[in-house]
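First to last, the protein sequences are chains A and B. Mapping of the first sequence onto the working numbering: residues 1 to 116, in sequence order. Mapping of the second sequence onto the working numbering: residues 1 to 110, in sequence order. All C-beta atoms in this analysis are idealised placements derived from N, C-alpha and C, irrespective of residue type, glycine included. From a predicted model like this one, the values you see are computed outputs, not experimental measurements. See below for the structure under consideration.
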Amino acid sequence: SAVISQKPSRDICQRGTSLTIQCQVDSQVTMMFWYRQQPGQSLTLIATANQGSEATYESGFVIDKFPISRPNLTFSTLTVSNMSPEDSSIYLCSVDGLAGVPDTQYFGPGTRLTVL
Amino acid sequence: GQNIDQPTEMTATEGAIVQINCTYQTSGFNGLFWYQQHAGEAPTFLSYNVLDGLEEKGRFSSFLSRSKGYSYLLLKELQMKDSASYLCASMGDNFNKFYFGSGTKLNVKP
Numbered sequence: 001s002a003v004i005s006q007k008p009s010r011d012i013c014q015r016g017t018s019l020t021i022q023c024q025v026d027s028q029v030t031m032m033f034w035y036r037q038q039p040g041q042s043l044t045l046i047a048t049a050n051q052g053s054e055a056t057y058e059s060g061f062v063i064d065k066f067p068i069s070r071p072n073l074t075f076s077t078l079t080v081s082n083m084s085p086e087d088s089s090i091y092l093c094s095v096d097g098l099a100g101v102p103d104t105q106y107f108g109p110g111t112r113l114t115v116l
Numbered sequence: 001g002q003n004i005d006q007p008t009e010m011t012a013t014e015g016a017i018v019q020i021n022c023t024y025q026t027s028g029f030n031g032l033f034w035y036q037q038h039a040g041e042a043p044t045f046l047s048y049n050v051l052d053g054l055e056e057k058g059r060f061s062s063f064l065s066r067s068k069g070y071s072y073l074l075l076k077e078l079q080m081k082d083s084a085s086y087l088c089a090s091m092g093d094n095f096n097k098f099y100f101g102s103g104t105k106l107n108v109k110p
C-alpha cells in the first residue's frame, strides 16, 4: 500500500506566525484532503486540494487563513496563517482510492500544532 | 445538514464482544466507513458498507441499515490493543466528502 508522510510531525509556534505543512504520497492520487482534529474532537474537513486549480473550502474555512497548494498528484501543502491559540490542533492530510478500495480515504500521520 | 452520532465512550473486557453503534443523517448517502484511531496516531481504515447487511473482516464486522440510518461495528475476541477511538464516517452526495462522528473511545480491560 502507498505511504503518506507529513512534515513536520509537530511544531510549537508563536501567535501571529504561519506554518506550512507538507503532505507527500509515494504514488499518484486523484484526491487529497486536509482535515483538522481539535483536542478530544473528531475530524473536520478543511478543504479538498485540487491539482492544478484552487482548493475547495468547506464552510467556515477560507483561503486567506488556510492557503493550500497542490502542484502535482503526489504532493500538497496546507498553510495555517496568522495563527492563534485556537488553531492548536492536529492537521491531517488524506488521500483516496488507494489499495483498491474505491472512495476510501487513507490518512497521513498528522501534524500536531501548538500555538502559544 | 449532517449529523453523525456515536456513544462517547465504552468499556469492555478482554476476550469479549463489543458493538459500537452509529446513527447518521446526511444529505445523500454513498457509504458508511469505520476507522480506528489510537491515541496520538492517525485514523486507519477498518471497514465500509455501501449496501445493507453485514461485512465481516476477521475479528471486525460492520453492519448497515440504510432505511434506519444505522450502522454498527462489532469487535470480537477483544484484545488490549483494541483500546482506541472508533470513528464512524458517512460519505454524502459528493463521493469524496466524508462526515465524521465524534468517535467512540473503547477501553478494553483485562
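{"Asked": "Report yes or no: is there a C-beta of chain A within less than 8 Å of the C-beta of residue 53 (chain B)?", "Found": "no"}
{"Asked": "Cutting at 6 Å between CB atoms, please list the residues of its own chain near residue 105 (chain B), excluding the five before and the five after it.", "Found": "9 and 85"}
{"Asked": "For residue 42 (chain A), write down the residues that DSSP places opposite it in a beta bridge.", "Found": "Beta-bridge pairing links residue 42 (chain A) to no other residue."}
{"Asked": "For a quick check, are the C-beta atoms of residue 114 (chain A) and residue 8 (chain A) less than 8 Å apart?", "Found": "no"}
{"Asked": "If you measure from the beta carbon of residue 7 (chain B) to each beta carbon in chain A, is any gap under 8 Å?", "Found": "no"}
{"Asked": "Could you work out which residues of chain A lie near residue 87 (chain B), taking near to mean beta carbons separated by less than 8 Å?", "Found": "42 and 43"}
{"Asked": "Spatial neighbours of residue 40 (chain B) within its chain, please: C-beta separation below 8 Å, excluding the five flanking residues on both sides.", "Found": "none"}
{"Asked": "Just checking my contact of residue 12 (chain A) with residue 106 (chain A) at CB under 8 Å: how many whole Å lie between their CB atoms?", "Found": "Contact flag wrong, Cβ pair sits at about 28 Å."}
{"Asked": "Just the chain A side, please: which residues come within less than 9 Å of residue 101 (chain B) by C-beta, in chain order?", "Found": "42"}
{"Asked": "Kindly indicate the opening and closing residues of the beta strand (DSSP E) around residue 94 (chain A).", "Found": "89-96"}
{"Asked": "At 8 Å on the CB atoms, spell out the chain A contacts of residue 31 (chain B), in chain order.", "Found": "103"}
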